[in-house]
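Before any comments, here is the structure.
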Amino acid sequence: ITDFGISKIQDNTTTFIGTIGVASYIEPKRLSDPNYKYTKPSDIYSFGVLMWEISSGEPPFKDCDNKTVAISVISGIRETPVPDTPKEYENLYKNCWRQEPEQRPDIKEVLNEFKKMIVGIKLRKDSESQISYRSDNSSTSASNVQASCDSDDFCIKTEIL
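For the sequence shown, the residue numbers in the UniProt record's numbering are 1 to 161.
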């Protein structure tokens with residue numbers, strides 16, 4: 001999805017691996033131990049921080065320097081959830097940014113949680129008797145609109161919850 005400021009620089013003669021960029025996306029183990037190797041749970045941690053950023057509209061720890069962020073993250077401090085964030089979404093990013101890598105979900109679990117959220121949105125929408133209007137001024141039920149979307153695996157409905 002993104003680099004999160006973690007880069008590998010390589011040329012013809014040497015390889016340098018280091019943290020270059022934003023400490024708020026780097027998992028606690030890496031911040032406390034520069035020899036700690038990045039793993040899939042490292043990416044899940046960063047993704048959880050990104051999810052928080054999406055819900056807040058702000059970069060994490062925006063008013064803090066990297067040293068303060070590193071100390072906070074190592075100590076288990078995370079950003080405060082944004083009011084009115086859907087609980088399922090909040091729980092998912094909190095699980096992703098857990099302190100211990102083995103406690104974080106894997107990417108399949110993250111995807112399954114997103115699928116559950118989409119189904120929940122669909123069920124709420126289907127239970128409402130909303131009418132949507134097409135450009136030809138005829139109306140159709142929300143379930144008919146959803147049914148046409150269900151046939152396309154790549155159709156993703158978004159909304160502000």
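From the three backbone atoms N, C-alpha and C, an ideal C-beta is built for every residue, glycine too.
- Look at the segment 23-53 and you find these whole runs of alpha helix (DSSP H), each 4 residues long or longer: 28-32.
- S55 has its alpha-carbon roughly 22 Å from the corresponding atom of A70.
- Looking at W52, G48, E102 and I44, the one whose alpha-carbon comes closest to that of P83 is W52.
- Comparing C-alpha distances from N91 to each of N66, E100 and P81 shows the shortest one belongs to P81.
- Here the alpha carbons of I74 and P28 stand approximately 5 Å from one another.
- Counting every other CB atom within 10 Å of its CB across the protein chains shown gives E79 a total of 16 or more, marking it as buried.
- Closest in C-alpha terms to Q99, from the list V22, N35, G48 and P34, comes G48.
- Less than 9 Å separates the beta-carbon of R104 from that of P41.
- Following the DSSP letters along the chain, one finds V69 inside the alpha helix (DSSP H) bounded by residues N66 to I74.
- From the listed residues L50, Y93 and E102, the smallest Cα separation to E113 is found for Y93.
- Annotation: the continuous alpha helix (DSSP H) that includes E88 extends over K87 to C96.
- Exclusion of the five residues before and after F61 leaves S24 and V69 as the residues of its chain whose Cβ lies within less than 6 Å of its Cβ.
- In this structure, DSSP gives P81 a state outside helix and strand, which the three-state scheme calls coil.
- DSSP, reduced to helix, strand and coil, places G57 outside both helices and strands of the structure shown, so it counts as coil.
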